[in-house]
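For what it's worth, the numbering used here labels the leading residue of the sequence shown as 118, then goes sequentially.
For each residue, glycine too, the CB sits at the ideal point set by N, CA and C.
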Amino acid sequence: MNFEDFIRQHDLKGDTVVLDSSGGSVNDAIALGRRIRGLGLSTTVGASLPSSKERGERARVSPEAYCESMCVFLLLAGESRYVPERARVRVHQIWMADRADNARGATYTADDLMILERDIGRLAKFTFDMGGSGDLLALSLNVPPWVDLHELSREELRRTNLMTNDAISFARPNSVLDEMPLRTGSDRISATASLGLEPRVTASRPYP
């Protein structure tokens, strides 16, 4: 099920989008991020755990999850945002998907550079529209695709405005996030894994 079908079938008011993804295309993530903000949803990082409706179990989440590349900008799209201590949020530069595996050895045309610069501009506008800081762009754009992604520290999560809350709305008071039930009355979570974002696809469109 895609995100638009999902929101047509459910009342998402007050819900939290739980993110566990290694990223996706720039323009698709921007469009999805604007949809998340338009719906007034919150965001966090987590992995869904199996539940049994037969036994009356609600959906549960674990904090041991990754939000990488463009997933980080989906996290930014939430009206309120929380990152558990054991979650990992990691950033790098956007790059052309068909050349990310050999970025140094690949060849590039002027049109390629124009597309990259255009999409950096789009990403910058999205970042500021969502209330993010220039630090997020600086941290991301300083990490080329041939080095390991940069994992954001707790201080960097707050400095970039990726984390605005110290808890999430569906967590029980005075408890950890480990296998926490969702907000009372909810039996669902939305994850980028089901929203068409594929690992390490970092370009805004397919390239010939």
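Specify the secondary structure class of residue i as computed by DSSP and reduced to three states.
i: Arg198; result: strand
i: Glu185; result: strand
i: Leu129; result: coil
i: Val143; result: helix
i: Leu256; result: helix
i: Leu136; result: strand
i: Asp283; result: coil
i: Asn219; result: helix
i: Leu314; result: Residue confidence is low: Leu314 scores 36 on pLDDT, short of 50, so the model does not pin down where it sits. No coordinate-derived value is stated.
Do residue i and residue j have their CB atoms nearer than 8 Å?
i: Asp132; j: Leu158; result: yes
i: Val200; j: Val162; result: yes
i: Asp239; j: Ile147; result: Per the sequence presented here, residue 239 reads as Arg, with Asp not at that position. Going by C-beta atoms, Arg239 is nearer than 8 Å to Ile147.
i: Thr160; j: Ala194; result: yes
i: Ala241; j: Leu230; result: no
Per the DSSP calculation, residue i is bridged to which residue(s)?
i: His267; result: Val208
i: Leu233; result: Its beta-bridge partners do not exist; DSSP assigns none.
i: Leu158; result: None; Leu158 has no bridge partner.
Enumerate in chain order the residues of its own chain whose CB-to-CB distance from residue i is below 7 Å, with the five nearest sequence positions on each side excluded.
i: Asp295; result: Bear in mind that the predicted position of Asp295 carries a pLDDT of just 35, short of 50, making it unreliable; the figure below should be weighed with that in mind. Excluding residues within five positions, the ones whose Cβ falls inside 7 Å are Ser179, Pro180.
Apart from the five residues just before and just after residue i, which ones in its own chain have a Cβ nearer than 8 Å to its Cβ?
i: Asp283; result: Tyr199
Cβ pair count under 8 Å reaching 3, the stretch 218-232 against the stretch 184-193: No, the stretch 218-232 does not touch the stretch 184-193.
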